[in-house]
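From first to last, the protein sequence lines are chains C and D. Quick note: the first sequence uses my numbering, first residue 28, plus one each step. Quick note: the second sequence uses my numbering, first residue 421, plus one each step. Worksheet: one structure, shown below.
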Amino acid sequence: DTGVSQDPRHKITKRGQNVTFRCDPISEHNRLYWYRQTLGQGPEFLTYFQNEAQLEKSRLLSDRFSAERPKGSFSTLEIQRTEQGDSAMYLCASSLAVVGYTFGSGTRLTVV
Amino acid sequence: TQLLEQSPQFLSIQEGENLTVYCNSSSVFSSLQWYRQEPGEGPVLLVTVVTGGEVKKLKRLTFQFGDARKDSSLHITAAQPGDTGLYLCAGPNAGGTSYGKLTFGQGTILTVHP
Chain C
28 DTGVSQDPRH
38 KITKRGQNVT
48 FRCDPISEHN
58 RLYWYRQTLG
68 QGPEFLTYFQ
78 NEAQLEKSRL
88 LSDRFSAERP
98 KGSFSTLEIQ
108 RTEQGDSAMY
118 LCASSLAVVG
128 YTFGSGTRLT
138 VV
Chain D
421 TQLLEQSPQF
431 LSIQEGENLT
441 VYCNSSSVFS
451 SLQWYRQEPG
461 EGPVLLVTVV
471 TGGEVKKLKR
481 LTFQFGDARK
491 DSSLHITAAQ
501 PGDTGLYLCA
511 GPNAGGTSYG
521 KLTFGQGTIL
531 TVHP
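Rendered as structure tokens:
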């Protein structure tokens, strides 16, 4: 297993367009998290899944954001009608009791 | 919401110097974690401290968890340019675990000059 994989690494989009990011967690990890990080700041929690169930969603997440984790494997995060304020690094992490967190390398979104 | 405040926000030092980064909260945490993040990459877990007063060492890095489990510190001895990066502390929300949802501090950007 090579760790948590995120795709794409970078995305530039025009304001108003929809974007979708993918995260492939470590296969045996049952929890998957999405965080957002702006430059020079710590990550902020967005949402998390335990297996295929989405258990919590941050109030930071507007209705334009949706996440899925079909079959408890990979996850997608979609942002509809992107705004300039959505520009950030979107980080995915997976975890398992005892082992702890492993983050992916993130997707850098730039909305122009 | 439990908040974590890190200080200093920026640290620029010369190779060979020692430094300490602080992570403070008014809330009690069941555990705290420290991460290091390089530009364009995700955070990498360095250590988890669980017991109040606990001290853990990782080569030149020493991590301490406060007795009351409200604060933690990271001390680096004889810093090297390879230590440059963003250092983050993080803790689980009340009732949570170290592998659950985390609250992060705003980070300390460390630059070590050769």
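We put the beta carbon where it would ideally sit given N, CA and C, even for glycine. All figures in this text were calculated on a predicted structure; none of them were measured in a lab.
Straight-line Cα distance separating ILE39(C) from HIS533(D): 33 Å
Cβ-based neighbour list, TYR60(C), same chain, cut-off 6 Å, excluding 5 preceding and 5 following: TYR75, ALA120
Amino acids of chain C, ordered along the chain, whose beta-carbon sits closer than 7 Å to that of LEU465(D): GLY127, TYR128
For SER446(D) and VAL469(D), the rounded distance between their alpha carbons: 17 Å
Alpha carbon of GLY131(C) to alpha carbon of VAL31(C), nearest angstrom: Our two residues, GLY131(C) and VAL31(C), have alpha carbons roughly 5 Å apart in a direct line.
C-alpha distance - THR29(C) paired with PRO52(C), whole-angstrom precision: Approximately 10 Å between the Cα atoms of the pair.
Beta-carbon separation (whole angstroms), GLN426(D) vs GLY525(D), contact threshold 8 Å: 4 Å
DSSP three-state assignment for PRO512(D), whether helix, strand or coil: In the structure shown, the three-state DSSP call for PRO512(D) is strand.
Residues that THR468(D) contacts on chain C, provided the C-beta gap is smaller than 7 Å: Per Cβ cutoff of 7 Å: GLY127.
Residue interval of the beta strand (DSSP E) (run including ALA115(C)): 115–123
Residues bridged to ILE505(D) [DSSP beta-bridge criterion]: At residue 505(D) the sequence reads Gly, which differs from the Ile that was named. Looking at the DSSP assignment, GLY505(D) forms a beta bridge with LEU530(D).
Chain-order list of residues whose beta-carbon lies under 8 Å from that of VAL46(C) (same chain, five-residue window excluded): LYS38, THR40, GLU105, ILE106, THR109, LEU136
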